[in-house]
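Numbering (full-length UniProt numbering), first residue to last: 1 to 235.
Note that beta-carbon positions come from the ideal geometry of N, C-alpha and C, so glycine has one too.
Just so you know, these numbers come straight off a predicted model, no measurement behind them.
In what follows, a structure is listed as structure tokens, so that the remarks can point back to it.
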């Protein structure tokens with residue numbers, strides 16, 4: 001990772017862990033080094049005594065998040081392990097809004113979850129799945145959970161809020177504050193989707209029509225069960 005600045009001044013009174021906490025508090029998809037430094041009450045240059053770049057800090061944040069995943073479920077069937085895996089991922093995405101977008105948009109982000117996913121993979125193998133099948137199932141479930149949560153975040157958010165690229169927010173100063181102040185008056189993605197759907201002469205199937213589930217879990221549980229049935233049928 002490339003260093004973007006040089007450490008200056010006296011030794012900081014904060015740790016790398018403090019910098020990670022500040023970044024996560026600002027939002028894993030949105031934090032900037034300027035905003036992190038401001039939250040800690042230091043100059044941006046001071047951060048470089050604990051991190052080498054924003055990429056380094058993002059990796060540290062993802063490592064912290066990964067430690068909170070619970071993907072080992074002793075005493076369960078492989079079917080229950082898959083359900084628990086999906087639930088653990090969903091809960092983590094709920095805890096860290098924007099995480100789904102980071103995992104999708106940052107090419108190396110998923111590598112920071114190698115430990116817990118290796119644990120989940122072994123859990124499925126121990127319960128009777130072929131190693132290759134277990135890997136494919138984990139990938140399929142992960143794609144399903146992450147994609148669904150990213151879509152649900154869009155439905156929960158005001159329609160004027162474009163999905164930010166990691167680090168894009170927080171540098172706009174007053175303009176950003178004004179934009180945030182106006183968000184309460186904007187319809188959410190769900191409201192806009194429902195409005196648009198009501199104008200169509202040919203409605204979508206009921207299961208694809210916007211409703212309140214689109215800002216909750218959507219059809220996640222049903223999709224996970226379909227994945228499980230598919231694996232059962234192939235064995």
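query: Does the distance from the C-beta atom of residue 202 to that of residue 90 stay below 9 Å?; result: no
query: Would you mind sorting residue 136 into buried or exposed? The rule is 16 or more other CB atoms within 10 Å of its CB.; result: exposed
query: May I ask which residues mark the beginning and end of the alpha helix (DSSP H) holding residue 195?; result: 189-198
query: With which residues is residue 158 paired in a DSSP beta bridge?; result: 188
query: Beta-carbon separation of residue 224 and residue 141 under 9 Å?; result: yes
query: From 108, 133, 40 and 116, pick the residue whose C-alpha is nearest to that of residue 69; which is it?; result: 116
query: Assuming residue 215 contacts residue 186 (C-beta within less than 8 Å), just tell me the rounded distance between them.; result: That pair is no contact at about 15 Å.
query: Hey, which unbroken runs of the alpha helix (DSSP H) at 4 residues or more fall wholly within the region 97-145?; result: 99-105 and 114-126
query: From residue 193 to residue 210, what does the alpha carbon distance come to, in whole angstroms?; result: 7 Å
query: Would you mind working out which of 199, 111 and 233 sits nearest residue 58, comparing C-alpha positions?; result: 111
query: Could you check whether residue 156 and residue 190 sit closer than 9 Å to each other, using their CB atoms as the reference points?; result: yes
query: Here's a check: name, in chain order, each residue in its chain whose Cβ is nearer than 8 Å to the Cβ of residue 232, leaving out the five neighbours to either side.; result: 79
query: Within its chain, find whatever has a CB closer than 6 Å to the CB of residue 26; leave out the 5 residues flanking it on each side and keep chain order.; result: 35
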